[in-house]
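*Asks:*
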Amino acid sequence: MLKPLAPHFRSLVGIDVSGEMIRKSKQWLEGLANIKTLETSGVDLRPFPSDSFNLVYSYVAFQHMPRQVFERYLEETNRVLQPDGYLAFQIPIGLHRNAPLGDTIGIRNYSIEEISEKLDRLGFQLVEERNSKTTASKERVLTEQSPLVLAQKITTAMPQHVTDWVNTDCEKEFSLLDTRMWLWFAEQCLHEGRQDEALRTYKSLLQQDPRSLENWSRIVENLIE
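Per the working numbering, the sequence shown starts with residue -5, numbered consecutively.
1. Just the Cα atoms here: how many angstroms apart are residue 82 and residue 45?
2. Would you identify the three-state DSSP class for residue 28, choosing helix, strand or coil?
3. With three or more C-beta pairs closer than 8 Å as the rule, is the region 15 to 27 touching the region 55 to 68?
4. Find out if the Cβ-Cβ distance for the pair residue 90, residue 108 is shorter than 9 Å.
5. Quick check on residue 99: buried or exposed, where buried means 16 or more other Cβ atoms within 10 Å of its Cβ?
6. Quick check on residue 8: does DSSP put it in helix, strand or coil?
7. Smallest Cα separation from residue 117: which of 92, 147, 105?
8. Taking C-beta to C-beta, are residue 38 and residue 70 nearer than 9 Å?
9. Going by C-alpha to C-alpha distance, which of 106, 119, 79, 59 sits closest to residue 93?
10. What does a CB cutoff of less than 7 Å around residue -1 pick up in its chain, not counting 5 residues either side in sequence?
11. Applying the 10 Å Cβ sphere with the 16-neighbour rule, what's the burial state of residue 27?
12. Rounded to whole angstroms, how far is the Cβ of residue 193 from the Cβ of residue 218, which I believe are closer than 8 Å?
13. In whole angstroms, give me the CA-to-CA distance for residue 181 and residue 57.
14. For residue 3, count neighbouring C-beta atoms within 10 Å of its own C-beta (all shown protein chains included) and say buried if the count is 16 or more, exposed if not.
15. Around the Cβ of residue 196, are there at least 16 other Cβ atoms within 10 angstroms (buried) or fewer (exposed)?
16. Using a Cβ-Cβ cutoff of less than 6 Å, which residues in the same chain neighbour residue 33 once the five nearest sequence positions on both sides are dropped?
17. Identify which residue in 43, 202, 78 has its Cα closest to the Cα of residue 172.
18. Taking the alpha-carbon positions, what's the residue 77 to residue 149 distance?
19. I'd like the span of the alpha helix (DSSP H) that includes residue 207, first residue to last.
And the structure:
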């Protein structure tokens, strides 16, 4: 994303938790003097001073983070943005979906109310809501079809830096990655003619993730066969 943005900005900074991605970015962006990339912790924006950016942009990243890390990033974004700076980010809006803390592949869904509460509490306001002559509802601004959320910093938030969540027991949460692995194993069992083991795997998975329509349909197909 940085390369096509380069002609439109005086200075761009890209961050990633993966050192390998940062090493590759140096090659891909060679010759673009107004771009720099660096590896960061994955939980904050500590390398950057306060009030140092006009815009913070995130795409296909926040959805993979534990909710507490996402909120920490909102706090940090508020800190590094200049007054009236902008935050543009993508996030899945829909029915609430969570994942275990250690799962950085599974997708977390957010309700309109949850995103609105976080933005309001951490010093942001939705741009359409602020600029509309008639107050736009959050339901119109934040929809499942919205590719990006655009918010503006209106106040400086006081950071909480609460870390108790790190030791939270998340055994009740089931990872989307786990689901896919279990389904793959069951498919392998079917392919090898081990129908009974496949059925046991589907039933075990349903105990962990009883809301999965895909799991139920696989069991029905298996029983019919």
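By construction, the Cβ of each residue, glycine as well, lies at the ideal position given by its N, Cα and C atoms.
Keep in mind the model is a prediction, meaning the values are calculated, not measured.
*Replies:* Put simply:
1. 17 Å
2. DSSP places residue 28 in the coil class of the three-state scheme, outside both helix and strand.
3. Contact fails: fewer than three Cβ-Cβ distances are below 8 Å.
4. yes
5. exposed
6. In this structure, residue 8 counts as strand in the three-state DSSP scheme.
7. 147
8. yes
9. 59
10. 6
11. exposed
12. With a Cβ gap of about 12 Å, residue 193 and residue 218 do not count as contacting.
13. 28 Å
14. Result: exposed.
15. That one is buried.
16. Cβ within range, chain order: 13, 16.
17. 202
18. 8 Å
19. 207 to 218
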